[in-house]
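Here is the structure we will look at, set down as C-alpha cells.
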C-alpha cells in the first residue's frame with residue numbers, strides 16, 4: 326500500500342509540474358532593458374512580448390527562461406530594427422518564433438544551434454539575414470519574405486532538416502555556404518538573383534532540380550559541388566554566368582535559352598559541360614568519373 330501511495334504521489338507531482346510549466350505570459354516592456362523585472366514567471370513555456378527590447382532583454386530570454394518553447398515578439402521594436410547578434414543562440418527549447426513586424430536585420434548567430442526550432446514567422450520588412458543566423462537550427466522549411474535582398478554567409482549552414490525554401494522576388498545575393506549540407510530537393514531562384522556564393526549549396530545531396538534565373542551573374546566555387554543527384558539544370562540567362570572549374574562536379578547537362586548555346590560554349594569553363602540549346606530533352610550519354 327505504501328508503494329502504491331508513493332507511486333501515486335509521484336505521478337500527481339509530475340502532472341502538477343507539467344501543468345505549471347504549460348503557462349503563457351503576456352508582458353509589455355515600455356523601456357528596453359526592463360524585461361527581467363517585468364516577467365513574473367521566468368519558467369513559463371510561452372510568452373508574448375510587446376514594447377521595446379534590447380540586447381539585455383534577449384540575454385534574459387536566452388539564459389533565464391529555461392522552458393521557453395513559444396516566443397511571440399511580433400509587436401516589439403528592437404534597437405536598430407535588428408535582432409541582436411547571438412540574440413537567441415543555443416536556445417534549444419525554442420520551437421516557434423514570431424519576429425517583430427518592423428525587423429530589418431537578423432544578426433550574426435541569432436538562432437545558431439536552436440536545434441528544436443521548427444517554425445519561424447519572418448516579417449515583410451526583413452532585408453538581411455546575417456552570418457550563421459540559423460546555423461544548425463531545426464528548421465524544416467522557410468518562406469522568406471518579399472523584401473529580403475541578402476542571405477549572408479552560412480546563414481542556414483548545416484540545417485540538415487531543411488527541405489524547402491521559398492526564395493523572395495527581390496533577393497539579390499546568397500552568401501558563401503548559405504545552404505551548405507541542407508536537405509533541399511528542388512530550387513527555383515527569383516529572377517532578381519545576381520550572385521550565388523562559394524559552397525552555397527555544397528553537399529545538398531537530395532537536390533535534383535534547379536532553375537537558374539535570368540539576371541544571374543556569378544555561381545562561385547564549389548557552389549553546387551557534391552550534389553550527386555543534380556545531374557542536369559536549367560538556365561534562363563542568355564549570357565553565361567561566371568563559374569569556375571569546380572562549381573559543379575556531378576552536374577554535367579545544362580539547358581539554356583534557344584540560340585545561346587554557342588555563347589555558353591565560348592564562355593570560360595562552360596565548354597567542358599553539355600550545353601543543350603532550348604529546353605527540349607534529348608538522349609545524351611554522360612560518363613561521370615571520380616578523382
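Numbering (our numbering), first residue to last: 326 to 616. C-beta atoms are modelled at their ideal positions from N, C-alpha and C, and glycine is treated no differently.
Using DSSP bridges, identify the partner residues of residue i.
i: residue 376; result: 354, 401
i: residue 498; result: 475, 520
i: residue 513; result: 536
i: residue 490; result: 467
i: residue 549; result: 573
i: residue 371; result: 349, 395
i: residue 408; result: 431
i: residue 580; result: 559, 601
i: residue 543; result: 520, 567
Which word fits residue i, buried or exposed, when buried means at least 16 other C-beta atoms lie within 10 angstroms of its C-beta?
i: residue 391; result: exposed
i: residue 502; result: buried
i: residue 566; result: buried
i: residue 587; result: exposed
i: residue 425; result: buried
i: residue 393; result: buried
i: residue 511; result: exposed
i: residue 506; result: buried
i: residue 471; result: exposed
i: residue 597; result: exposed
i: residue 455; result: buried
i: residue 523; result: buried
i: residue 446; result: exposed
i: residue 457; result: buried
i: residue 550; result: buried
i: residue 362; result: exposed
i: residue 603; result: exposed
i: residue 331; result: Because the pLDDT of residue 331 is 43, which lies under 50, any placement of that residue in the model is unreliable, and the number read from its coordinates should be weighed accordingly. Classification of residue 331: exposed, given that the 10 Å Cβ count is below 16.
i: residue 405; result: exposed
i: residue 536; result: exposed
i: residue 570; result: exposed
i: residue 414; result: buried
i: residue 593; result: exposed
i: residue 462; result: buried
i: residue 412; result: buried
i: residue 430; result: buried
i: residue 397; result: buried
i: residue 584; result: exposed
i: residue 572; result: buried
i: residue 351; result: exposed
i: residue 576; result: buried
i: residue 516; result: exposed
i: residue 591; result: exposed
Between residue i and residue j, which are expected to be in contact by the criterion C-beta below 8 Å, what is the C-beta distance as a whole number of angstroms?
i: residue 514; j: residue 538; result: 5 Å
i: residue 410; j: residue 377; result: 18 Å between Cβ atoms; not a contact.
i: residue 416; j: residue 387; result: 5 Å
i: residue 531; j: residue 509; result: 7 Å
i: residue 443; j: residue 464; result: 7 Å
i: residue 589; j: residue 581; result: 5 Å
i: residue 300; j: residue 460; result: No information on residue 300 is available, as it lies outside the stretch 326 to 616 that the chain covers here.
i: residue 395; j: residue 370; result: 7 Å
i: residue 360; j: residue 382; result: 4 Å
i: residue 399; j: residue 372; result: Rounded, the Cβ-Cβ distance is 12 Å, inconsistent with contact.
i: residue 428; j: residue 450; result: 6 Å
i: residue 542; j: residue 563; result: With a Cβ gap of about 13 Å, residue 542 and residue 563 do not count as contacting.
i: residue 521; j: residue 545; result: 6 Å
i: residue 467; j: residue 487; result: 7 Å
i: residue 578; j: residue 601; result: 7 Å
#### Entry: Segments of 3+ residues assigned as beta strand (DSSP E) that fall wholly inside the region 416-477
421-423, 444-446, 466-468
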